[in-house]
Amino acid sequence: MTRCPMADLPSGFWSGWIVVVTIASLLTLAWLVLSVYFSADASDAHASEHEPVWDEDLREGNSAPPLWWFWLLFGAMIFSVIYLMLYPGLGAFRGMLGWSQHGRLDGSYAEFDQQFEAARTTIVTSSLGDLQGDAELMATAERLFNRNCSACHGEDGGGQANLFPNLMDAEWQWGATPEQIEQSIRMGRNATMPAWLAPLTEQGVEQVAAYVQTLGTAQATTHPGQVQYSQFCAACHGVDGSGNPMLGAPSLSDDNWLYGDSLDAIRLSIAQGRNGHMPAFNEQLDDAQIKLLVALLTRQ
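Quick note on numbering: the working numbering labels position 155 of the sequence shown as 152, and the sequence is numbered without any gaps.
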């Protein structure tokens, strides 16, 4: 399972730029605070005799802020200096403690692996039947499905949008055995249907589309589109339109149509082709998670 890439510390020009800006900001803040609290108040010497005075010596602008503000700001500056010495913050300087987000993440992964390794081993070595009989594990599998699969296949696995297949029926384009389903999840699938408008012409597309609608019926043997179907389509979909899971070529003789079974939809598929993509989850999911998904999808 691949971990999320993380940004490294800046280097070169940007490292130096960050160091200069950070140190300059701290020095400017220190000068500002010290000048406010400890510099001589020149306004007293040039105060106008007409300027109002309250409580014997209080004029506009000659009263320093409360001293606890100074200690608060001074403490913040000291904390900043110590932090920048111990942790990354000054360009490429990694800090005296050697802390890094990579190390923190690696430690968290190691702790997670140690905590759940026994449970993952149990899942991987268990049969699908045992997993399917465990309600708690199936609830975990459903959460995995919702997080990783439902965006395309729907929350109930019924497919959607004439783009993503139904996972709850018995028709699987790439095969319905546990091994085939695991391969689909782990490595992904790429299903390419080439466009046939150029070699078939519009008339040929019309005839083949009409012929495909008759597959599985008695009309298929006498339809004028049969010859062109045999020439351009049978190599993948089979002479009888039963499909070929090895190639990901779906059956054309049943009622399960991913892109629609209307004459217009079939005509569009033949003329312009289709491109289906199932991403690989081998790097996002570990072996135990993939097996739980297989158990969920093969559950009767």
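The beta carbon of each residue, even a glycine, is placed where N, CA and C say it ideally should be.
For residue j and residue i, the rounded distance between their alpha carbons
{"i": "Trp14", "j": "Glu108", "result": "37 Å"}
{"i": "Gly201", "j": "Asp237", "result": "19 Å"}
{"i": "Asn187", "j": "Asn143", "result": "22 Å"}
{"i": "Asp166", "j": "Tyr256", "result": "16 Å"}
{"i": "Ile267", "j": "Asp261", "result": "10 Å"}
{"i": "Leu299", "j": "Ile178", "result": "Any question about residue 299 goes unanswered here, given that the chain covers just -2 to 297."}
{"i": "Asp251", "j": "Gly245", "result": "15 Å"}
{"i": "Phe278", "j": "Phe76", "result": "45 Å"}
{"i": "His220", "j": "Leu194", "result": "19 Å"}
{"i": "Leu164", "j": "Ser181", "result": "12 Å"}
{"i": "Ala148", "j": "Phe90", "result": "42 Å"}
{"i": "Asn253", "j": "His234", "result": "14 Å"}
{"i": "Phe113", "j": "Asn241", "result": "40 Å"}
{"i": "Pro276", "j": "Ile287", "result": "14 Å"}
{"i": "Gly155", "j": "Phe161", "result": "9 Å"}
{"i": "Gly270", "j": "Glu199", "result": "14 Å"}
{"i": "Asp111", "j": "His99", "result": "Note on identity: in this sequence residue 111 is Gln, with Asp being the wrong assignment. Taking the straight line joining both Cα atoms gives about 18 Å."}
{"i": "Phe35", "j": "Ile79", "result": "24 Å"}
{"i": "Ala39", "j": "Leu23", "result": "For Ala39, the predicted model reports a pLDDT of 44, less than 50, meaning its position is unreliable; a value from the coordinates is still stated below. Going from the Cα of Ala39 to the Cα of Leu23 covers about 26 Å."}
{"i": "Ala132", "j": "Trp66", "result": "60 Å"}
{"i": "Leu265", "j": "Cys230", "result": "15 Å"}
{"i": "Phe298", "j": "Ala192", "result": "Summary: the structure shown does not reach residue 298, with the chain confined to residues -2 through 297, and so no result is reported for it."}
{"i": "Pro7", "j": "Gly92", "result": "14 Å"}
{"i": "Ser259", "j": "Arg117", "result": "46 Å"}
{"i": "Ala136", "j": "Gly130", "result": "11 Å"}
Counted within 10 angstroms of its Cβ, other Cβ atoms place residue i as buried (16 or more) or exposed
{"i": "Gln204", "result": "buried"}
{"i": "Val18", "result": "exposed"}
{"i": "His150", "result": "buried"}
{"i": "Ala138", "result": "buried"}
{"i": "Ala285", "result": "buried"}
{"i": "Pro49", "result": "exposed"}
{"i": "Leu94", "result": "exposed"}
{"i": "Arg101", "result": "exposed"}
{"i": "Met299", "result": "Within the shown structure, residues of the chain are numbered from -2 to 297, placing residue 299 beyond reach of any answer."}
{"i": "Leu134", "result": "buried"}
{"i": "Val291", "result": "buried"}
{"i": "Met243", "result": "exposed"}
{"i": "Val209", "result": "buried"}
{"i": "Leu212", "result": "buried"}
{"i": "Ile20", "result": "exposed"}
Where residue i sits in the DSSP three-state scheme
{"i": "Trp254", "result": "coil"}
{"i": "Ala192", "result": "coil"}
{"i": "Asn145", "result": "helix"}
{"i": "Gly72", "result": "helix"}
{"i": "His99", "result": "helix"}
{"i": "Phe278", "result": "coil"}
{"i": "Trp169", "result": "coil"}
{"i": "Leu265", "result": "helix"}
{"i": "Gln297", "result": "coil"}
{"i": "Ala158", "result": "coil"}
{"i": "Arg271", "result": "strand"}
{"i": "Ala89", "result": "coil"}
Supposed contact pair residue j and residue i - C-beta distance, whole angstroms, cut 8 Å
{"i": "Glu168", "j": "Ser248", "result": "7 Å"}
{"i": "Gly222", "j": "Ala207", "result": "6 Å"}
{"i": "Tyr106", "j": "Trp96", "result": "Their Cβ separation, rounded to whole angstroms, is 16 Å, which puts Tyr106 and Trp96 out of contact at 8 Å."}
{"i": "Asn159", "j": "Leu282", "result": "About 27 Å separates the two Cβ atoms, so there is no contact after all."}
{"i": "Leu87", "j": "Val16", "result": "5 Å"}
{"i": "Ala27", "j": "Met74", "result": "6 Å"}
{"i": "Leu289", "j": "Leu141", "result": "6 Å"}
{"i": "Val30", "j": "Phe71", "result": "7 Å"}
{"i": "Thr189", "j": "Asn272", "result": "6 Å"}
Test: residue i CB closer than 8 Å to a CB of chain B
{"i": "Thr211", "result": "Considering every chain present, this structure includes no chain B. It has just one protein chain."}
Worksheet item: Looking at C-beta atoms only, is the number of pairs between the segment 224 to 231 and the segment 172 to 183 that lie closer than 8 Å three or more?
Response: no
Worksheet item: Is the segment 289 to 296 touching the segment 114 to 130, taking contact as three or more C-beta pairs under 8 Å?
Response: yes
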